[in-house]
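For the sequence shown, our numbering assigns the number 287 to the last residue and increments by one with no breaks.
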Amino acid sequence: MGLLREVYYALPPSLRFVARRVYYFPVDLYEGIAGKRGEMIPPRGMIFIGAGDFRTQGLHILDLLKRYAGLTPGSRVLDVGCGIGRLAVALTGYLDDKGSYEGFDIVRKGIDWCEKKISSNYPRFRFKHIDLKNDLYNLSTEEEAKHFVFPYAENSFDCVVLTSVFTHMMPEDVDNYLGQIASVMKKEGKCLATFFLINPEIKERMVAGNTQFNFKHTFEGYSLMDKKVKEANIAFDEEYLQALIRKNGMQIDSVHYGRWSYSPDALDFQDVMIISKKE
Ligand SMILES: C[S@@+](CC[C@H](N)C(=O)[O-])C[C@H]1O[C@@H](n2cnc3c(N)ncnc32)[C@H](O)[C@@H]1O
9 MGLLREVYYA LPPSLRFVAR RVYYFPVDLY EGIAGKRGEM IPPRGMIFIG
59 AGDFRTQGLH ILDLLKRYAG LTPGSRVLDV GCGIGRLAVA LTGYLDDKGS
109 YEGFDIVRKG IDWCEKKISS NYPRFRFKHI DLKNDLYNLS TEEEAKHFVF
159 PYAENSFDCV VLTSVFTHMM PEDVDNYLGQ IASVMKKEGK CLATFFLINP
209 EIKERMVAGN TQFNFKHTFE GYSLMDKKVK EANIAFDEEY LQALIRKNGM
259 QIDSVHYGRW SYSPDALDFQ DVMIISKKE
């Protein structure tokens, strides 16, 4: 792991937020004054969900959902771990009056932003803050994701999406979320979720130093990049994850290995999985 990343992860979430705000202050000030930011686009210092251009990345996820998860303008979408609205902003230009969007996240600042900047203009876009512990994102509670019951009706979503969320959740939490997704997704619905997957071939490449990330702390079914901040980045053994998905009444339609392991035909930096309910 790079030194900078290690230092950054070592900071508690509140300090990381301040560090980012300070670092990006000059450019955020300039872009704000020059009117270079759209109304729904957060200042860079507030974007706690990863690198890359906010708008471009949002459109990229939208494109994946259309191509691989059957998204149409009339879809009912659930965005689990919606962050600060990266996908939601892209979807405001795509979903029509029949479509709707629900997003939830454990970081209050992200949800506050989305409610203020998105829901106020797009009432069919609804956001919820759920206070759950995550050692990278939220230390303000002891509530655990493994017990959380999604607050939505059964069989109500056409499309469930988790981009770079299961890469920050421990196995028993992922197990619960898969069960919750199976419950709230319609019978013919699709779930697009990204992971870091380890199989024998990828492991060989990783051990030889031929991957962009290295998950060197190995446990039963999963590996961590950083032992101190476990949820900073988690990779799953592919077979272990397949068993979890099956156990929760779902099946894998396709897997697209990502750029992190230099896989050919990658759709994304992370591995993309399309999951549906068992027939
Ligand atoms: C890398 S960010 C990705 C955000 C968003 N999906 C995107 O692509 O822009 C990971 C997100 O997962 C959220 N998260 C972590 N654990 C969660 C949990 N148990 N339930 C819901 N969200 C969670 C974090 O708060 C953070 O917003």
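C-beta: ideal position from N, C-alpha, C; glycine also.
heavy atom of ligand 1 below 6 Å from residue i C-beta
{"i": "residue 145", "result": "yes"}
{"i": "residue 52", "result": "no"}
{"i": "residue 142", "result": "yes"}
{"i": "residue 225", "result": "no"}
{"i": "residue 254", "result": "no"}
{"i": "residue 260", "result": "no"}
{"i": "residue 172", "result": "yes"}
{"i": "residue 279", "result": "no"}
{"i": "residue 137", "result": "no"}
Contact test: residue i Cβ vs ligand 3 heavy atom, cutoff 6 Å
{"i": "residue 97", "result": "No copy of ligand 3 occurs in the structure displayed; its ligands are ligand 1 alone."}
Extent of the continuous beta strand (DSSP E) to which residue i belongs
{"i": "residue 232", "result": "230-232"}
{"i": "residue 200", "result": "193-203"}
{"i": "residue 226", "result": "225-227"}
{"i": "residue 168", "result": "165-170"}
{"i": "residue 86", "result": "84-88"}
{"i": "residue 280", "result": "279-285"}
{"i": "residue 109", "result": "108-113"}
The alpha helix (DSSP H) enclosing residue i, as first and last residue numbers
{"i": "residue 214", "result": "208-215"}
{"i": "residue 68", "result": "62-76"}
{"i": "residue 32", "result": "21-41"}
{"i": "residue 13", "result": "11-18"}
Close-in-space but distant-in-sequence residues of the same chain around residue i (CB under 6 Å, 5 per side omitted)
{"i": "residue 280", "result": "202 and 264"}
8 Å CB neighbourhood of residue i in its chain, flanking five on each side removed
{"i": "residue 247", "result": "207"}
{"i": "residue 298", "result": "Because residue 298 is not part of the residues shown, which for the chain are 9 to 287, the question remains open."}
{"i": "residue 68", "result": "276"}
7 Å CB neighbourhood of residue i in its chain, flanking five on each side removed
{"i": "residue 55", "result": "62 and 92"}
Tell me whether the region 140-150 and the region 160-168 touch, counting them as touching only if at least three CB pairs, one residue from each stretch, are closer than 8 Å. no
Tell me whether the region 125-138 and the region 16-33 touch, counting them as touching only if at least three CB pairs, one residue from each stretch, are closer than 8 Å. no
Does the region 231-239 come close enough to the region 10-23 that 3 or more CB-CB pairs lie under 8 Å? yes
How do the region 221-235 and the region 185-195 stand: do at least 3 beta-carbon pairs fall below 8 Å, yes or no? no
Using a Cβ distance threshold of 8 Å, determine whether the region 248-260 contacts the region 143-156, with at least three qualifying pairs required. no
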